[in-house]
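Asker: Please find one structure pasted underneath; my questions will follow.
Chains as they are written, first to last, in this note's numbering: chain A, 1 to 66; chain B, 1 to 281.
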């Protein structure tokens, strides 16, 4: 499975606070963004036309880094 | 046209810059989500010429790279380089074996061993780091015996098995900054100073970044460091000491988002160019 560039100006709901989160067309699937309402980190996961799916970003793991 | 697979899980600013740089070069990019791919050699078909490992997770990246290499796909960085760079102890051993100047170090597993290592490293302070870790997390500057015992007891009681392998390093007094140099194919591309009033200068911990000129000594040290760890795309952290440059750590999935502006160098472009060379090799 591959990630697709999310080439739209669209919106979805924050899974934590239910706020509407809009994104510009430069967003990429897998990108981490910040919910403008609750400041949670969200991952862009899917799109269905103008609708975006978000997930809460995973917490930092011990093996994360460079 | 060369097709480049970028192995990711979370897409950071760096991955977006790599996408931009690939687009500028007319390179076809496949973003391969490690968290959504089944790495089964019976079913996976690599429809790309070269892969760039950009996973935020060292463990995921390691297995994805090993898998693709088993299929004969060139991967940047190669598993040999990653295996050394992901582990600070293995990095120190490789640097020492190749005569690259670096701080004194030791691996210990108990408080008693640690006490002896402190003496061998020239006394307090010493630095304790996780052998596997990044972003300046869980680093401890140990100033005395009490702190040494406390930190090691916490690791022993609360830590996972990898955290109970104690990498100890000589504490290097640096002039309020260190150097991060970016290497592609053995040659330094650019470098930055990371300044902080804190002894930890990682930009992830708030270190400020400014351009660092590439001197002859810095270029030479980068070349020798790349040779020591197997080459590829590397970010090398160095200390300035009275005796010359000393290599602290080597990173194999470099983060560079804070370094392109101060250096004026297209690091993402250098990353893509190196991948194209790896595909053609």
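From the three backbone atoms N, C-alpha and C, an ideal C-beta is built for every residue, glycine too.
In chain A, what lies closer than 7 Å to residue 132 of chain B by C-beta?
Answerer: Within chain A, the residues near residue 132 of chain B are 63.
Asker: For the region 14-36 of chain A, which residues have a CB atom closer than 8 Å to at least one CB atom of chain B, in sequence order?
Answerer: Flagged, chain order: 26, 28, 29, 30, 31 and 32.
Asker: For residue 46 of chain A, count neighbouring C-beta atoms within 10 Å of its own C-beta (all shown protein chains included) and say buried if the count is 16 or more, exposed if not.
Answerer: By the neighbour-count rule (16 or more Cβ atoms within 10 Å), residue 46 of chain A is not buried but exposed.
Asker: Name, going along the chain, the residues of the region 39-62 of chain A whose beta-carbon falls closer than 9 Å to a beta-carbon of chain C.
Answerer: The displayed structure is made up of protein chains A and B, and chain C is not among them.
Asker: Please compile the residues from chain A whose C-beta is within a distance smaller than 9 Å of the C-beta of residue 158 of chain B.
Answerer: Those within 9 Å of residue 158 of chain B in chain A number zero; the least Cβ separation is about 12 Å.
Asker: Could you tell me whether the Cβ of residue 265 of chain B comes closer than 9 Å to any Cβ of chain A?
Answerer: For residue 265 of chain B, the answer is no, since every Cβ of chain A falls outside 9 Å of its Cβ.
Asker: Which stretch, first to last residue, makes up the beta strand (DSSP E) that contains residue 52 of chain A?
Answerer: Where residue 52 of chain A is concerned, the enclosing beta strand (DSSP E) stretches over 51-56.
Asker: Whole angstroms are fine: how far does the CA of residue 224 of chain B sit from the CA of residue 267 of chain B?
Answerer: So the alpha carbons of these two residues sit roughly 20 Å apart.
Asker: What does residue 40 of chain B reach in chain A if we use C-beta pairs closer than 7 Å?
Answerer: Residues of chain A passing the Cβ test: none, with the nearest at roughly 13 Å.
Asker: Residues in its own chain within less than 7 Å of residue 139 of chain B by CB, not counting five upstream and five downstream?
Answerer: Around residue 139 of chain B: 127, 129 and 200.
Asker: When DSSP labels each residue in this structure, what does residue 270 of chain B get in the three-state scheme?
Answerer: Looking at residue 270 of chain B - three-state DSSP - the assignment turns out to be helix.
Asker: If we count the other Cβ atoms within 10 Å of its Cβ and call it buried at 16 or more, is residue 251 of chain B buried or exposed?
Answerer: Residue 251 of chain B is buried by the Cβ-count criterion.
Asker: Residue 50 of chain B and residue 279 of chain B - do their beta-carbons sit closer together than 9 Å?
Answerer: Their beta carbons are under 9 Å apart, which means residue 279 of chain B touches residue 50 of chain B by this criterion.
Asker: Would you kindly report the start and end of the unbroken alpha helix (DSSP H) that includes residue 130 of chain B?
Answerer: From DSSP, residue 130 of chain B is part of no alpha helix (DSSP H) but of the beta strand (DSSP E) over 126-130.
Asker: I'd like the ranges of any alpha helix (DSSP H) spanning at least 4 consecutive residues and lying wholly in the region 178-231 of chain B.
Answerer: For the region 178-231 of chain B, whole alpha helix (DSSP H) runs of length 4 or above, ordered along the chain, are 216-229.
Asker: Could you check whether the Cβ of residue 279 of chain B sits closer than 9 Å to any Cβ belonging to chain A?
Answerer: Closer than 9 Å: no.
Asker: For residue 253 of chain B and chain A, any beta-carbon pair shorter than 9 Å?
Answerer: Interface residue, yes.
Asker: Give me whichever residues DSSP pairs with residue 163 of chain B in a beta bridge.
Answerer: Beta-bridge pairing links residue 163 of chain B to no other residue.
Asker: Using a Cβ-Cβ cut-off of 6 Å (strictly less than) and excluding sequence neighbours within five positions of residue 81 of chain B, which residues of its own chain qualify?
Answerer: If we look at residue 81 of chain B and ignore the five residues flanking it on each side, its Cβ neighbours are 229, 230, 232 and 252.
Asker: Which residue comes first and which comes last in the beta strand (DSSP E) that contains residue 85 of chain B?
Answerer: Careful: residue 85 of chain B lies outside any beta strand (DSSP E), inside the alpha helix (DSSP H) at 79-85.
Asker: Taking all protein chains shown into account, do 16 or more other C-beta atoms lie within 10 angstroms of the C-beta of residue 1 of chain A, making it buried, or fewer, making it exposed?
Answerer: Reliability of the predicted coordinates at residue 1 of chain A is poor, the pLDDT of 41 falling under 50, and no value is obtained from them.
Asker: Which residue marks the beginning of the beta strand (DSSP E) containing residue 54 of chain B, and which one marks its end?
Answerer: That residue, residue 54 of chain B, is in no beta strand (DSSP E); it is neither H nor E in DSSP.
Asker: Where do the N-terminal and C-terminal ends of the alpha helix (DSSP H) with residue 146 of chain B fall, by residue?
Answerer: Unbroken alpha helix (DSSP H) run through residue 146 of chain B: 145-158.
Asker: Please tell me whether residue 1 of chain A has its Cβ less than 9 Å away from any Cβ of chain B.
Answerer: Interpretation of residue 1 of chain A is limited by its pLDDT of 41, a score under 50 that renders its predicted location unreliable; the figure taken from the coordinates is listed afterwards. Yes, residue 1 of chain A counts as interfacial toward chain B.
Asker: Could you check what DSSP says for residue 19 of chain A in three-state terms: helix, strand or coil?
Answerer: Correct three-state label for residue 19 of chain A: coil.
Asker: Please state whether the Cβ-Cβ distance between residue 109 of chain B and residue 121 of chain B is less than 9 Å.
Answerer: No.
Asker: In this structure, how does DSSP classify residue 106 of chain B when only helix, strand and coil are distinguished?
Answerer: Residue 106 of chain B: strand per DSSP, three-state reduction.
Asker: What is the DSSP secondary structure of residue 49 of chain B, reduced to helix, strand or coil?
Answerer: Three-state DSSP puts residue 49 of chain B in coil, outside helix and strand.
Asker: Please classify residue 33 of chain A: does DSSP put it in a helix, a strand, or coil?
Answerer: In the structure shown, residue 33 of chain A sits in a strand (DSSP, three-state: E or B).
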